[in-house]
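> Quick one: this structure, given as structure tokens, is what I'll be asking you about.
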Amino acid sequence: MYYAYQRRIDIIVDNIEEKDEIDNQIDSFKNNNEFKIEIKNLKKSFKVKDKLNKNKEVELSVLDGVNLNIKSGEFLAILGPSGCGKSTLLDIIGGLSNQSDGEIFIDGKPVDGPGLNRGIVFQQYTLLPWKNTLENVAFPLENSFNKKKRIKIAKDYISLVGLSSFEDRYPHELSGGMKQRVAIARALAINPEILLMDEPFAAVDAQTRATLQEDLLKITEKYKKTVVFITHSIEEAVFLGDKIAIMSSEPSTIKEEIKIPISREFRIIKDFKSSTEFLRLRNKTLGILKEEVIKSQEISKSSFPNEEILTEEGI
Amino acid sequence: MILWQVLPTLGLVNQIFIPTPTTILVEMWSLILDGTLQADLIISLYRVVMGFIIALLVGLSLGFLLGGFFKKFEKALNPLIQVLSQANPFTLFPVFIIFLGIGEISKILIIYWVSQWSIMTNTITGINNVDPIFIKLGKAIGLGKIDIFRKIIVPASLPTVFTGIRMGAVFSFFMLIGAEMMGTTSGLGYMIMQAQNVMQIPRMWVGIVVVALLGLLTNYLILWIEKQLVKGKEKISI
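Top line first, the protein sequences correspond to chains A and B.
Counting in this note's numbering, the first sequence runs from 1 upward without gaps.
Counting in this note's numbering, the second sequence runs from 1 upward without gaps.
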């Protein structure tokens, strides 16, 4: 009896000590790196052929001084008019292309090429068609684990996205929503701290989309991932994001950041999408975005003067 | 098959020129018994297999090198490849004989020469048509250049590569018979030509049937290998 009592005390004391230690660690972490991802005055321009003089190359500025700070564990949704360079921004964070100017830090270190601390989910279906679900999820682990370990990890993540019974199916035997679930499992399998998602649910039907959103929110909450999620759907951004960054039309900057003051638990459990708070946030976001969409359309009109003349003549 | 058997038997088609399948089978059996068919078959197979294997080795390695690693070089070389692959191989055969003599080497090499182009060009096309998003994915998960090539580009281009290999096999049989008709004293092509010259029509048909069967067999063999290697290919039916 006494021993049992003593043991319980020991465990409690241990736990308290452990907790203190963790708290200390968290504090020091917070002091050193307040932000998981820091983007400072990021610029990107491409060389394109001039429309009038084909031999001349002109600089097309896509990103013009993007500043963004993303906290550890935060879910950031990026919204913007189409063609405003959202994907370019994500590519640069992922290390898949280089910025023209400016700096980008992850955990205080400048980004230098792709790395396994970032998992990327693309807009297009990117499952390798010659591999089945299990092999696809295990694919990024090939250089780091032996076969047995790989399969175990892959199986865990496949069951996490609810596709355990589809392990040996090939991509062409899966629906669009399932393919993106597998892609998410693959991105999570390398256990990255950051998830970069480029309109992953754009090609999925509305019902599937809603369940995918909920599942994504649960998973990222459970595993404390920092997420950068690009979308062109305002509802999606308001539902998923802890913070929404709205990009201006090309050349882009971050026009405004909106905090979503609603906890994730509430968003998942309660019927957040039909609440008045959701509508209020949606309309606020829509108002800001609308200006940018109109502006971006004006830009594209003025850059094709010939086309306009043609249609006028046609009428 | 039934028509083929019935029409000559009824006398609607001249039996001398198109004998019935049974006549051909009987002739084939007698040729097998005296060993001439096997001898011709083996020498022909030796030529076509050697030529085709060299074409596979050269065509695949050049194709993967040019398509995967030396894209600019491939672009510069492309017109030359087009001209060489378009040159009619039968006109080139005398050139090969002049340089290499009338022996086995010239035959094997002309077969290689003809079948390498479709293998090479299809490999290059296959690599060029790999969806860039897969390469982006490879980079994103931290694969190096060689791993991207090995684990993504090669498997992704395999279906197109196999189309090239199958076409190459067809060409190699074309050229085998052509070469054997032009300058040999052995092989199936020679057997067909010789039988026709001395009006042994059933014997000629035996040769034609054997060549057709060989082509069919090769095609199925390559399809079978493809099925083992290329996984997850969607079956399309209209």
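A virtual CB, placed ideally from N, CA and C, is assigned to each residue, including glycine.
No experiment lies behind these values; they were computed from the predicted model shown.
Would you mind working out which of B:Gly138, B:Pro155, B:Leu188 sits nearest Ile148 (chain B), comparing C-alpha positions?
As a first step, residue 148 (chain B) is located in the second sequence; it is residue number 148 there, counting from the start. That would be B:Gly138, whose Cα lies nearest to the Cα of Ile148 (chain B).
> For chain A, find out if any of its Cβ atoms is closer than 8 Å to the Cβ of Gly232 (chain B); answer yes or no.
Counted from its first residue, the second sequence places residue 232 (chain B) at position 232. So, interface residue.
> Is there a C-beta anywhere in chain B that falls below 8 Å from the one on Tyr157 (chain A)?
For this step, residue 157 (chain A) is matched to residue 157 along the first sequence. By this cut-off, Tyr157 (chain A) is not an interface position.
> Consider the Cβ of Tyr220 (chain B): report whether some Cβ of chain A lies at a distance smaller than 8 Å.
Counting from 1 along the second sequence, the entry for residue 220 (chain B) is found at position 220. Chain A contact via Cβ: absent.
> Using a Cβ-Cβ cutoff of 9 Å, what residues of the segment 111 to 139 of chain B are near chain A? List them in chain order.
Answer in chain order: Asp131, Ile133, Phe134, Lys136, Leu137, Lys139.
> Of all the residues that make up the segment 148 to 170 of chain B, which are near chain A by a beta-carbon distance shorter than 8 Å?
Flagged, chain order: Lys151, Ile152, Pro155, Ala156, Leu158.
> Contact defined as beta carbons within less than 8 Å: I believe Leu229 (chain B) pairs with Ser44 (chain B). What is the distance between those atoms, to the nearest angstrom?
Translated into positions along the second sequence, residue 229 (chain B) becomes position 229. Translated into positions along the second sequence, residue 44 (chain B) becomes position 44. The pair is not a contact, with the Cβ atoms about 27 Å apart (cut-off 8 Å).
> Just to confirm the assignment, what range does the alpha helix (DSSP H) spanning Met178 (chain A) have?
Taking the first sequence and counting its residues from 1, one reaches residue 178 (chain A) at position 178. 176 to 189 is the span of the alpha helix (DSSP H), which, as asked, contains Met178 (chain A).
> Let's test the definition: count the other Cβ atoms within 10 Å of the Cβ of Asn136 (chain A) and tell me whether it reaches 16, buried, or not, exposed.
Counted from its first residue, the first sequence places residue 136 (chain A) at position 136. Looking at its Cβ environment, which holds 16 or more other Cβ atoms inside 10 Å, Asn136 (chain A) is buried.
> Taking Lys43 (chain A) as part of the alpha helix (DSSP H), name the residues at either end of that continuous run.
Locating residue 43 (chain A) in the first sequence gives position 43, counting from the first residue. Careful: Lys43 (chain A) lies outside any alpha helix (DSSP H), inside the beta strand (DSSP E) at 37 to 49.
> Identify whether Asn31 (chain A) lies in helix, strand or coil by the three-state DSSP scheme.
Taking the first residue of the first sequence as 1, we reach residue 31 (chain A) at position 31. Model confidence at Asn31 (chain A) stands at a pLDDT of 45, short of 50, so the residue's coordinates are unreliable; what they give is reported in the following sentence. If DSSP states are grouped into helix, strand and coil, Asn31 (chain A) belongs with the helices.
> Run through the DSSP bridge pairs and tell me what Ser172 (chain B) is partnered with.
Counted from its first residue, the second sequence places residue 172 (chain B) at position 172. Partner(s): none; Ser172 (chain B) has no beta bridge.
> Using 8 Å as the Cβ pair cut-off and three pairs as the minimum, do the segment 194 to 207 of chain B and the segment 19 to 30 of chain B touch?
Output reads yes: the segment 19 to 30 of chain B touches the segment 194 to 207 of chain B.
> Express the C-alpha separation of Ile177 (chain B) and Ala187 (chain A) in angstroms, rounding to a whole number.
On the first sequence, residue 187 (chain A) is found 187 positions in, with the first residue counted as 1. On the second sequence, residue 177 (chain B) is found 177 positions in, with the first residue counted as 1. Cα to Cα, the separation comes out at about 54 Å.
> Measuring straight from C-alpha to C-alpha, what distance separates Val121 (chain A) and Cys84 (chain A)?
Within the first sequence, the letter at position 121 stands for residue 121 (chain A). Within the first sequence, the letter at position 84 stands for residue 84 (chain A). Distance between the alpha carbons of Val121 (chain A) and Cys84 (chain A): 19 Å.
> Gly142 (chain B) touches chain A at which residues, Cβ-Cβ below 7 Å?
Here residue 142 (chain B) refers to the residue found at position 142 when the second sequence is read from its first residue. In chain order: Pro114, Gly115, Leu116.
> Are the C-beta of Lys131 (chain A) and some C-beta of chain B separated by less than 8 Å?
As a working mapping, residue 131 (chain A) is identified with position 131 in the first sequence. Yes, its Cβ sits closer than 8 Å to a Cβ of chain B.
> Mapping the DSSP letters down to three states, classify Asp131 (chain B) as helix, strand or coil.
Working through the second sequence from its first residue, we reach residue 131 (chain B) at position 131. Looking at Asp131 (chain B) - three-state DSSP - the assignment turns out to be coil, as it is neither helix nor strand.
> List the whole-angstrom C-beta distance separating Ile135 (chain B) from Phe17 (chain B), where the pair is believed to meet the contact cut-off of C-beta under 8 Å.
Position 135 of the second sequence holds residue 135 (chain B). Position 17 of the second sequence holds residue 17 (chain B). About 58 Å; that fails the 8 Å criterion.
> Evaluate Val74 (chain B) with the Cβ neighbour count: other Cβ atoms within 10 Å of its Cβ, from every protein chain shown; 16 or more gives buried, anything less gives exposed.
The residue given as residue 74 (chain B) occupies position 74 in the second sequence. Note that residue 74 (chain B) corresponds to Glu in the displayed sequence, not to Val. Looking at its Cβ environment, which holds 16 or more other Cβ atoms inside 10 Å, Glu74 (chain B) is buried.
> For Gly80 (chain A) and Ser172 (chain B), what's the separation of their Cα atoms in angstroms?
Taking the first sequence and counting its residues from 1, one reaches residue 80 (chain A) at position 80. Taking the second sequence and counting its residues from 1, one reaches residue 172 (chain B) at position 172. Cα to Cα, Gly80 (chain A) sits roughly 57 Å from Ser172 (chain B).
> Would you mind listing the alpha helix (DSSP H) stretches within the segment 229 to 296 of chain A that are 4+ residues and don't spill past its ends, in chain order?
Whole alpha helix (DSSP H) segments, 4+ residues: 234 to 240, 264 to 269.
> Can you tell me where the alpha helix (DSSP H) holding Leu80 (chain B) begins and where it ends?
Residue 80 (chain B) sits at position 80 when you count from the first residue of the second sequence. That run of the alpha helix (DSSP H) goes 71 to 86.
> Counting Cβ pairs, one atom from each stretch, are 3 or more of them under 8 Å apart for the segment 49 to 67 of chain A and the segment 148 to 164 of chain A?
Because the criterion of three Cβ pairs below 8 Å is not met, the segment 49 to 67 of chain A and the segment 148 to 164 of chain A do not touch.
> What ranges does the alpha helix (DSSP H) occupy inside the segment 92 to 143 of chain A, keeping only unbroken runs of at least 4 residues that lie completely in it?
Listed in chain order, they are 133 to 138.
> Can you give the Cα-Cα distance for Leu80 (chain B) and Lys72 (chain B), rounded to whole angstroms?
One-based indexing of the second sequence puts residue 80 (chain B) at position 80. One-based indexing of the second sequence puts residue 72 (chain B) at position 72. Roughly 14 Å separates the two Cα atoms.
> State yes or no: is the beta carbon of Phe122 (chain A) nearer than 8 Å to at least one beta carbon in chain B?
One-based indexing of the first sequence puts residue 122 (chain A) at position 122. Chain B contact via Cβ: present.
> For a cutoff of 8 Å on Cβ pairs, would you count His172 (chain A) as touching chain B?
In the first sequence, residue 172 (chain A) corresponds to position 172, counting from 1. Interface residue, yes.
> Among residues of its own chain, excluding the 5 on either side of Phe29 (chain A), which ones have a beta-carbon nearer than 7 Å to its beta-carbon?
In the first sequence, residue 29 (chain A) corresponds to position 29, counting from 1. Reliability fails at Phe29 (chain A), whose pLDDT of 49 lies under 50, so the model's placement of it is uncertain and the value that follows must be treated cautiously. If we look at Phe29 (chain A) and ignore the five residues flanking it on each side, it has no Cβ neighbours.
> Return the first residue and the last residue of the beta strand (DSSP E) that Ser82 (chain A) is part of.
Here residue 82 (chain A) corresponds to residue number 82 of the first sequence, with the count starting at 1. Looking at the DSSP string, Ser82 (chain A) is not in any beta strand (DSSP E), and its letter there is neither H nor E.
> What are the boundary residues of the alpha helix (DSSP H) that Val66 (chain A) is part of?
In the first sequence, counting from the first residue as 1, residue 66 (chain A) sits at position 66. Taken as a continuous stretch (DSSP letters only), Val66 (chain A) belongs to no alpha helix (DSSP H), being part of the beta strand (DSSP E) at 57 to 70.
> Assuming Phe321 (chain A) and Glu236 (chain A) are in contact, meaning their beta carbons sit under 8 Å apart, how far apart are those beta carbons, in whole angstroms?
Since the first residue of chain A shown is 1 and the last is 315, residue 321 (chain A) is not available in this structure.
> Classify Tyr220 (chain B): buried if its beta carbon has 16 or more other beta carbons within 10 angstroms, exposed otherwise.
As a position in the second sequence, residue 220 (chain B) is number 220, starting the count at 1. That one is exposed.
> Return no unless some Cβ of chain B is closer than 8 Å to the Cβ of Pro140 (chain A).
Reading the first sequence from its first residue, position 140 is the one you call residue 140 (chain A). Closer than 8 Å: yes.
> Residues in the segment 86 to 98 of chain A with C-beta within 7 Å of chain B's C-beta atoms, listed in sequence order?
Cβ contacts with chain B come from Gly94, Leu96.
> Under 8 Å, CB to CB, which of the residues in the segment 187 to 216 of chain A have a partner in chain B?
The segment 187 to 216 of chain A vs chain B, Cβ under 8 Å: Ile190.
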